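To start, the structure itself, in structure tokens.
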Amino acid sequence: AIGDNLLAEFASAVDAVDCAVAIQQKLAELNSDLTGERKMHFRIGVNLGDVVEEGGRIYGDGVNIAARIEALAEAGGICISRNIFEQVKNKLKLGYEYIGEHPVKNIAEPVRAYRILMESSPDVPDKGERPEVSVKPSVAVLPFDNISGDPEQEYFSDGITEEIITALSKVPKMFVIARNSTFTYKGKPVKVQQVGQELGVRYVLEGSVRKAGN
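The end of the sequence shown is residue 215 by this note's numbering, with every number in the run present.
Shown next as structure tokens:
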């Protein structure tokens, strides 16, 4: 236990999510007979990652990410990382809602998170299908192609892409995929539909840049 938090380690991602769901379902059942301040509401975050065990304590990036994901959950809810989602999506009859990328202190890459829909849903993706995209308007801006014929102009096309990402990020209620995620597609042949599914967005923007003159 850490303060008013509890950290638990599981050998299986499925076991961890099963336990989280069982806890929240039991608490909801108990709360139905209680009123006001007597009700207990826990948030649960589940992550898959390496940890360091020392003196009866576990710590490390895996723990830090789990704590960040837990903070994203609603009271009485469960959030999981992309790593966990990939392990359980075809094994547990639950619904999953992608809630975007979120920064974690001292972690270079943002973490993709999902909210577990507690009730079994007929809309849960079948094996091989991708999760539903974000409910609110969401977009991924792919690195613009440099078609000037001058490799030294790559910085210019990258700069245009970054400016667009920054501008879109300022639009209220618009979810924009971070640069670090979209630039992994730079220089690769991509299918827009596949990118949208992989990143969980409704819209994918791509383009090209040619610089002429001085």
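For each residue, glycine too, the CB sits at the ideal point set by N, CA and C.
Just so we're clear, the structure is a prediction, and the values are computed from it rather than from any experiment.
Distance between beta carbons of Val-112 and His-103, contact taken as under 8 Å: As a first step, residue 103 is located in the sequence shown; it is residue number 102 there, counting from the start. As a first step, residue 112 is located in the sequence shown; it is residue number 111 there, counting from the start. Right, the Cβ-Cβ distance comes to about 6 Å (below 8 Å), so this counts as a contact.
The stretch 45 to 53 contacting the stretch 64 to 79, beta-carbon criterion three pairs below 8 Å: In short, these stretches touch, since the Cβ pair count reaches three.
Terminal residues of the alpha helix (DSSP H) in which Ala-114 lies: Residue numbering aside, residue 114 sits at position 113 when the sequence shown is read from its first letter. Segment 112 to 118 is the beta strand (DSSP E) holding Ala-114; no alpha helix (DSSP H) there.
Three-state secondary structure assigned by DSSP to Ser-121: Working through the sequence shown from its first residue, we reach residue 121 at position 120. The predicted model places Ser-121 with a pLDDT of 46, which falls under 50 and marks its position as unreliable, so this point remains unresolved.
Distance, Arg-180 Cα to Leu-169 Cα: The sequence position of residue 169 within the sequence shown is 168, counting from 1. The sequence position of residue 180 within the sequence shown is 179, counting from 1. Pairing Leu-169 with Arg-180, the inter-Cα distance amounts to about 12 Å.
Sheet register partners of Ile-148 (DSSP bridge): Taking the sequence shown and counting its residues from 1, one reaches residue 148 at position 147. The partner list for Ile-148 (beta bridge, DSSP) is empty, contrary to what the question assumes.
Proximal residues to Asp-146 (C-beta, below 6 Å), its chain only, five neighbours per side dropped: Indexing the sequence shown from 1 puts residue 146 at position 145. Only residues of its own chain outside the window of five on either side were considered, and among them Ser-209 have a CB closer than 6 Å to the CB of Asp-146, listed in chain order.
Beta-carbon proximity check, Ile-79 vs Tyr-97, cutoff 8 Å: The count along the sequence shown starts at 1 and reaches residue 79 at position 78. The count along the sequence shown starts at 1 and reaches residue 97 at position 96. No, Cβ-Cβ distance for Ile-79 and Tyr-97 is not below 8 Å.
Asn-32 versus Met-41: straight-line alpha-carbon distance, rounded: Here residue 32 refers to the residue found at position 31 of the sequence shown. Here residue 41 refers to the residue found at position 40 of the sequence shown. Taking the CA atoms as reference points, Asn-32 sits about 7 Å from Met-41.
For Tyr-186, the first and last residue of its enclosing alpha helix (DSSP H): One-based indexing of the sequence shown puts residue 186 at position 185. For Tyr-186, no alpha helix (DSSP H) encloses it, and the DSSP letter there is neither H nor E.
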